[in-house]
Structure formats: C-alpha cells, structure tokens
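Read through the structure below, which is laid out as structure tokens, and then see the notes.
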Amino acid sequence: MRRIAFALPLALLAAGHLHAQQPLKVFISVDMEGLAGVVTDQQLGAAGFEYGRFREFMTAEALAAIEGARAAGATEIVVADSHGSMQNLLIERLPADVELVRGTDRPLGMMQGIDSTFHAAVFIGYHSATTNLDGVRAHTISSARYTSVGLNGTPVAESGLNAAIAGHYGVPVVAISGDEHAVGELQAMVPGAAGAVVKRAIGFHSAQTKTPEAAQALIREAVQEGVSRRSQIRPHRLSPPFRLDLGIKNYRAVELLAYLPIVERTTAHEIRYQAGSIADVMRFLTFIGSYSPDVSP
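Right under this line is the structure:
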C-alpha cells in the first residue's frame, strides 16, 4: 500500500509536468507608430532625433509582450520586426530562446514567419488605417503612397490584413497594443482580443500617452490575458476570392500598374487586384511597394 500511495503522487506530478510542457507557440509582430510616446517621424526613422531612444522603447514593449506570453505558458516565441526597414529591434536585448525575423523584402510582410504550427498571434505598436479620421499616424502600409486600401469592399488597416494572414493559417490574433483607434479596429474584427491602449489620439501628430513603464505593464497584462484565452478567440478567416482595391497618390503609378494583365484600373488613382489567397494579396502589395527596374544588389 505504501508503494502505491508513493507512486500515485509521482504519477500525478509527472502528468502535471507533461501538461505544463505542452508546446505553445506565439508569434509577435512589432510595429513602431503605435508605441507609447510616438507621435511624429522624429521617433520613427534613422534621421529622427529620437529614433535611437525609441528603438529602445520598441524593444522594451516587445520584451513586455514576450513576458506576457511566457506568463500564459508560451514555450516558443518568434518576433517579427515589422516597421520600416524592419531592422529596428535591438537583437541583443531579446532572450536567447526567442527568434527574430528582420529585414526586407518579405512575402508575408509584417507576418513573415507565421505558419499553422502557431497557437496565437500578437500585434504590438500597431496604428489605425489610412481611412481612419482620428488615429495617431493613421495609414495603411505607406502614408506616402496610398490613400486607401480595401479588402473585399471594406477599408482595412494593417491589423486587418495581418489578422487575415494569421487566420489563413488558423491562428487567432489574441492581443494588440496601440492607440484606442488601432485597438478598436482589431477588436471590431476579432471579438475577444485583448487590448492595451498605450496612448489616446489628439491628432495625426499628437497624443496623450502613457509612460514607457506604464505602457509595458499594460502590454504584459494584455498579452498574458489574450494568450491565456486563445481557445475562446476565433481566427479571422476570410473566404476567397480576395479583391484588393488600392488608392495611390500618384497618377502615373496607377497608369503603369494597369499595364499588368492582373491589374484593373478602376479610377484615375485606383487599381484592383484579385487573388485566390490572402498570401498572394500580401505578395502583390510587397511587390508594388518595393520593385523598381534598378533594384539591387
């Protein structure tokens, strides 16, 4: 009897240990415009006087998301640097067991690295769509090039495109951080996703913002909550075919793109592209955003 009584707790402990070690993969896409404190291009690119500091803050918000995911049981984490050159995060600050996707160009853009083996996706530092009237730095993909981006007849933010890519692989987006408009846009599409509002929009170039420390605490909590509730959040699946409507500022770019047989010119400044998968939509957007005849190396 003593042996049985002794063996039973050991068996239960072993079962609990195995349960705790079940793989849980989390994909984290990190943009920059939605970080706490970001309001202008002075924080967003190498020429800006605050860019170096905000690379630190971007990395700190990514680390907070990693900590939140781990607190919810994540065993494997991939982070995608998803802003501008996609070479912003300070790689030496990331934990040794985290992998980083960095650099351009990437067929899946901000979602490069995700696949069907992941259990949850998280968006950090995101901003609202170019059609949003109120968001800080509101744009979709390129504020310099595009006046509108629509998917299947509906204006879409980067969060919407990226949630659809995650949904293509059956992965739910469980948490997002940014201003209240960025968070609200995703939550309207993905009910149940946790949100960390790290600043409140005043204008395109102004906000009332949390401090970095307060923002990181909110992100840690939201990501832990979202990953913990992943089974209750549905992937954002869209059914093909996909219709991309793109408004472009420059008339000549629209004219030239319409030479391609896969592109329809619908107005003087708009084109339409139709595809069988959301991955093809993102490849098309990556192509037109990056290609020129003299591209090198």
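Quick note on our numbering: the sequence shown kicks off at 979 and runs consecutively. Built from N, CA and C at the ideal position, the CB exists for glycine as well.
Bounding residues of the beta strand (DSSP E) (the contiguous stretch that carries Gly1254): Run containing Gly1254: none; DSSP gives neither H nor E here.
Backbone secondary structure at Ser1274 - three-state DSSP: coil
Less than 7 Å between C-beta atoms, sequence neighbours within five positions excluded: which residues of the same chain meet that for Gly1225? Tyr1124, Thr1125, Ser1126, His1247, Glu1248
Alpha carbon to alpha carbon, what distance is there between Pro1001 and Phe1265? 35 Å
Check each candidate in Ser1060, Gly1113, Ile1180 and name the one with the smallest Cα separation from Gly1023. Ser1060
So, Ala1185 versus Arg1178, is the Cβ gap smaller than 8 Å? Yes, the Cβ-Cβ distance between Ala1185 and Arg1178 is below 8 Å.
Run through DSSP, which three-state label would Pro1133 get? strand
Cα-Cα separation between Leu1129 and Leu1086, rounded to whole angstroms: 16 Å
Classify Tyr1237: buried if its beta carbon has 16 or more other beta carbons within 10 angstroms, exposed otherwise. exposed
Report yes if the C-beta distance between Ile1197 and Ala1047 is below 8 Å; otherwise report no. 8 Å or more divides the Cβ of Ile1197 from the Cβ of Ala1047.
Less than 8 Å between C-beta atoms, sequence neighbours within five positions excluded: which residues of the same chain meet that for Ala983? Only weak support exists for where Ala983 lies, its pLDDT of 48 falling under 50; the coordinates are left without a value.
Can you confirm whether the segment 1202-1217 touches the segment 1027-1040 when touching is taken to mean that 3 or more C-beta pairs between the two stretches lie within less than 8 Å? The segment 1027-1040 is not in contact with the segment 1202-1217.
When DSSP labels each residue in this structure, what does Tyr1229 get in the three-state scheme? helix
Identity of the residue in Val1100, Pro1133, Asp1112 nearest Pro1150 by Cα: Val1100
Between Leu1164 and the rest of its own chain, which residues show a CB-CB distance below 8 Å, the 5 nearest in sequence each way excluded? Cβ within range, chain order: Phe1101, Tyr1104, Ala1135, Ser1137, Gly1138, Ala1141, Val1151, Ile1154, Ala1171, Gly1173.
Where DSSP assigns a beta bridge to Glu1077, which residues make up the other side? Val1056
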